[in-house]
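The structure appears below as structure tokens.
2 protein chains.
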Amino acid sequence: MKPEISDFLPYLLNQAAELVSRDFQPFYKDRYGMLRTEWRVLFHLGHHGEMTAKQICEQASIHKTKVSRAVTALEKKRFLRRETLEDDRRFEALSLTPAGKAAFDSLAVEAAAFDASLEDMVGQDDFEALKRMLNHLIAKKS
Amino acid sequence: MKPEISDFLPYLLNQAAELVSRDFQPFYKDRYGMLRTEWRVLFHLGHHGEMTAKQICEQASIHKTKVSRAVTALEKKRFLRRETLEDDRRFEALSLTPAGKAAFDSLAVEAAAFDASLEDMVGQDDFEALKRMLNHLIAKKS
DNA sequence: CGTTGTTAGTTACAAAAGCAACTGATACCT
DNA sequence: AGGTATCAGTTGCTTTTGTAACTAACAACG
Chain A
1 MKPEISDFLP
11 YLLNQAAELV
21 SRDFQPFYKD
31 RYGMLRTEWR
41 VLFHLGHHGE
51 MTAKQICEQA
61 SIHKTKVSRA
71 VTALEKKRFL
81 RRETLEDDRR
91 FEALSLTPAG
101 KAAFDSLAVE
111 AAAFDASLED
121 MVGQDDFEAL
131 KRMLNHLIAK
141 KS
Chain B
1001 MKPEISDFLP
1011 YLLNQAAELV
1021 SRDFQPFYKD
1031 RYGMLRTEWR
1041 VLFHLGHHGE
1051 MTAKQICEQA
1061 SIHKTKVSRA
1071 VTALEKKRFL
1081 RRETLEDDRR
1091 FEALSLTPAG
1101 KAAFDSLAVE
1111 AAAFDASLED
1121 MVGQDDFEAL
1131 KRMLNHLIAK
1141 KS
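Chains A and B supply the protein sequences, listed in that same order.
All residue numbers for the first sequence refer to the numbering used here, where the first residue is 1 and numbers rise by one.
All residue numbers for the second sequence refer to the numbering used here, where the first residue is 1001 and numbers rise by one.
In structure tokens, the structure reads:
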């Protein structure tokens, strides 16, 4: 039997991620001029507070050069500040400035609304199940 | 209550898609020197037979410039041939050469095995449910 | 016809991502 | 201490992507 394209999970994940990301992009791009990686870094810092670049790399599975450039860009936008750790001067503690926090708060509200719209789209039960499965898959893979 | 990062569906989809894609990449990259978009185009042609570039764009939600370049690359690799449609000479019918079919067949087997390994990872019921939900989401979004 | 508009696909240029080599700092090992 | 290895983060260079303008073919309307 011929394999159906809609049966290959990597394809489905890519497609879904692509479509959903594209729809959310205007929120951080138009208002704040952020790139996707910048938004992701801001998101992580907003959620977890102070982190090092390495921690962001690991948690978000983003390559260190991408994070490095996003951090530089966010710093230039005055959304983030860095402070070298005194016990190990290779590390920098990254944290959001008040302006960064404000941007994060505002975007977090919009993200929540966007998420809710996705929930409406697929139905509440499926939505929870989908998140659970994706978390499971991510945990197994990373 | 603080929103958890693992509760934002676009983030989860991106993360899952990224991790899974990265794992499958070696199959088409190392053996055939293909890029991701090339593999996706090959995949579609392998499944659907003859198609135009536009049809691939629509079905796969890939931008036409990306498809155009992937088609050129696949043609250079002798995996694909184009034939201008006589009833409307703007269109080109794209089809796989025997070499392209062979590559597709081989990759389709590996893709199926890869998919099965993902099924093992998340469990059969969740796997089916996940695919169903993603298909549903994609249908609603595109 | 011929002019205007639209469509499939390409190309040129700019932005972003990937990769490998690098810097500065720490750890380890003798 | 001195030498080597390792690690966090950056930078330079190449590859890939995104955007907009373009070409060639068709359509519609006068």
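Even for Gly, the Cβ is constructed at its ideal location relative to N, Cα and C.
These numbers were taken from a predicted model, which means no experiment stands behind them.
Cross-chain neighbours of residue i in chain A, by beta carbon under 7 Å
{"i": "residue 1018(B)", "result": "61"}
{"i": "residue 1122(B)", "result": "133, 136 and 137"}
{"i": "residue 1126(B)", "result": "133"}
{"i": "residue 1021(B)", "result": "10 and 14"}
{"i": "residue 1106(B)", "result": "Residues of chain A passing the Cβ test: none, with the nearest at roughly 13 Å."}
Listed by chain order, chain A residues near residue i by CB distance under 8 Å
{"i": "residue 1067(B)", "result": "Within 8 Å Cβ-Cβ: nothing; residue 1067(B) doesn't reach chain A, min ~14 Å."}
{"i": "residue 1101(B)", "result": "Chain A residues near residue 1101(B): none, gap ~13 Å exceeds 8 Å."}
{"i": "residue 1077(B)", "result": "What residue 1077(B) touches in chain A: nothing, since even the nearest Cβ is about 21 Å away."}
Buried or exposed (CB count within 10 angstroms, at least 16 for buried), residue i
{"i": "residue 1044(B)", "result": "buried"}
{"i": "residue 1131(B)", "result": "buried"}
{"i": "residue 1026(B)", "result": "exposed"}
{"i": "residue 15(A)", "result": "buried"}
{"i": "residue 1010(B)", "result": "buried"}
{"i": "residue 1046(B)", "result": "buried"}
{"i": "residue 38(A)", "result": "buried"}
{"i": "residue 1017(B)", "result": "buried"}
{"i": "residue 103(A)", "result": "buried"}
Residue i: contacting residues in chain B (beta-carbon distance under 7 Å)
{"i": "residue 15(A)", "result": "1061 and 1138"}
{"i": "residue 118(A)", "result": "1009"}
{"i": "residue 111(A)", "result": "1008"}
Cross-chain neighbours of residue i in chain B, by beta carbon under 8 Å
{"i": "residue 24(A)", "result": "1010"}
{"i": "residue 115(A)", "result": "1007, 1008, 1009 and 1010"}
{"i": "residue 53(A)", "result": "Going along chain B, no residue has its Cβ under 8 Å from residue 53(A), so there is no contact; the nearest lies around 17 Å."}
{"i": "residue 64(A)", "result": "Result: empty, since nearest Cβ-Cβ is about 15 Å, beyond 8 Å."}
Residue i: contacting residues in chain A (beta-carbon distance under 9 Å)
{"i": "residue 1043(B)", "result": "5, 8 and 11"}
{"i": "residue 1096(B)", "result": "Chain A residues near residue 1096(B): none, gap ~14 Å exceeds 9 Å."}
{"i": "residue 1129(B)", "result": "126, 129, 130 and 133"}
When the options are compared against residue i, the one with the closest alpha-carbon
{"i": "residue 21(A)", "options": "115(A), 97(A) and 59(A)", "result": "115(A)"}
{"i": "residue 93(A)", "options": "141(A), 48(A) and 7(A)", "result": "48(A)"}
{"i": "residue 1050(B)", "options": "1141(B), 1101(B), 1126(B) and 1123(B)", "result": "1101(B)"}
{"i": "residue 1056(B)", "options": "1122(B), 1034(B) and 1095(B)", "result": "1095(B)"}
{"i": "residue 60(A)", "options": "1006(B), 1079(B) and 1121(B)", "result": "1006(B)"}
{"i": "residue 31(A)", "options": "117(A), 133(A) and 106(A)", "result": "106(A)"}
{"i": "residue 1080(B)", "options": "1090(B), 1053(B) and 1063(B)", "result": "1053(B)"}
{"i": "residue 1125(B)", "options": "129(A), 17(A) and 123(A)", "result": "129(A)"}
{"i": "residue 1075(B)", "options": "1121(B), 1063(B), 1099(B) and 1091(B)", "result": "1099(B)"}
{"i": "residue 1008(B)", "options": "118(A), 141(A) and 137(A)", "result": "118(A)"}
{"i": "residue 1123(B)", "options": "78(A), 58(A) and 136(A)", "result": "136(A)"}
{"i": "residue 1063(B)", "options": "97(A), 19(A) and 12(A)", "result": "19(A)"}
{"i": "residue 1097(B)", "options": "1091(B), 1090(B) and 1078(B)", "result": "1078(B)"}
{"i": "residue 24(A)", "options": "1091(B), 1033(B), 1024(B) and 1013(B)", "result": "1013(B)"}
{"i": "residue 1140(B)", "options": "140(A), 121(A) and 141(A)", "result": "121(A)"}
Contact list for residue i against chain B, beta-carbon separation under 9 Å
{"i": "residue 85(A)", "result": "Within chain B, no residue comes near residue 85(A); the closest Cβ sits about 23 Å away, beyond 9 Å."}
{"i": "residue 29(A)", "result": "The contacting residues do not exist; residue 29(A) stays about 14 Å from chain B at best."}
Problem set entry | Three or more C-beta pairs below 8 Å linking the stretch 1069 to 1081 of chain B and the stretch 1107 to 1115 of chain B | The stretch 1069 to 1081 of chain B vs the stretch 1107 to 1115 of chain B: no contact.
Exercise. If we count Cβ pairs, one from each stretch, closer than 8 Å, do we get three or more for the stretch 79 to 86 of chain A versus the stretch 1032 to 1046 of chain B?
Worked result: Taking 8 Å as the limit for Cβ pairs, the verdict is that the stretch 1032 to 1046 of chain B does not touch the stretch 79 to 86 of chain A.
For this session: Could I get the ranges of all uninterrupted alpha helix (DSSP H) runs contained in the stretch 51 to 138 of chain A, with 4 residues as the minimum, in chain order?
Result: Listed in chain order, the alpha helix (DSSP H) elements of length 4 or more contained wholly in the stretch 51 to 138 of chain A are 53 to 60, 64 to 76 and 98 to 122.
For this session: With a floor of 3 residues, list each beta strand (DSSP E) that falls wholly inside the stretch 1003 to 1034 of chain B, ordered by position along the chain.
Result: Those beta strand (DSSP E) runs which fall completely within the stretch 1003 to 1034 of chain B and span 3+ residues do not exist here.
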